[in-house]
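Contents: one structure, followed by commentary.
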Amino acid sequence: MTALVYTGLVLNVVTVILLGVLIFLMRQKKEAQLEDSVVKRDGERAQDRSEEFSRLLGRAEETLRLLQETLETDGKKLRGEMKEARELSGRLDAALKTGGKLAVQLKILDDIDPGRRKRGEPIAQQKIKGEDELEVAFKPLPEEKTK
97 MTALVYTGLV LNVVTVILLG VLIFLMRQKK EAQLEDSVVK RDGERAQDRS EEFSRLLGRA
157 EETLRLLQET LETDGKKLRG EMKEARELSG RLDAALKTGG KLAVQLKILD DIDPGRRKRG
217 EPIAQQKIKG EDELEVAFKP LPEEKTK
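Position in the sequence shown counted from 1, then plus 96, gives you our numbering.
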């Protein structure tokens with residue numbers, strides 16, 4: 097009979113130990129599942145963030161491409177405008193030189209015949225008399241083609 101008691105006690109102790117191990121393993125399993133769900137959720141969040149960053153990067157690349165195209169277009173326009181400005185500057189310089197020459201010729205005419213303007217004589221076809229006879233014909237400048 098003592099053997100049965102000892103056997104019962106041993107079985108109870110083994111049962112308690114097995115229940116403890118079973119509870120421990122169930123807790124470990126539950127913690128592992130929680131960790132898996134956390135990892136899965138974090139993975140999904142990371143995937144969502146990655147997709148969002150990819151979309152943002154795509155938008156940034158598109159914006160950069162549009163800016164480059166705009167800069168190239170504006171640069172070409174600016175170069176064209178600068179070329180046109182240089183041409184106009186050259187024309188203006190030529191006109192100023194021509195105007196200066198005309199002013200000198202008018203001054204010469206006024207010095208030779210101061211009353212010419214009062215008499216209302218036209219500027220064109222005036223003759224300057226001196227050692228040599230010079231005809232000063234003021235013709236309008238040829239109109240330059242405008243773009």
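Heads up, the beta-carbon is just placed ideally off N, CA and C, and yes, glycines get one too.
For Met97, the secondary structure class from DSSP, reduced to helix, strand or coil, is coil. For the pair Ala191 and Leu202, the Cα-to-Cα distance works out to about 16 Å. The C-alpha of Met178 is placed about 26 Å away from the C-alpha of Gly196. Between the alpha carbons of Ser185 and Ala199 lies a distance of about 20 Å.
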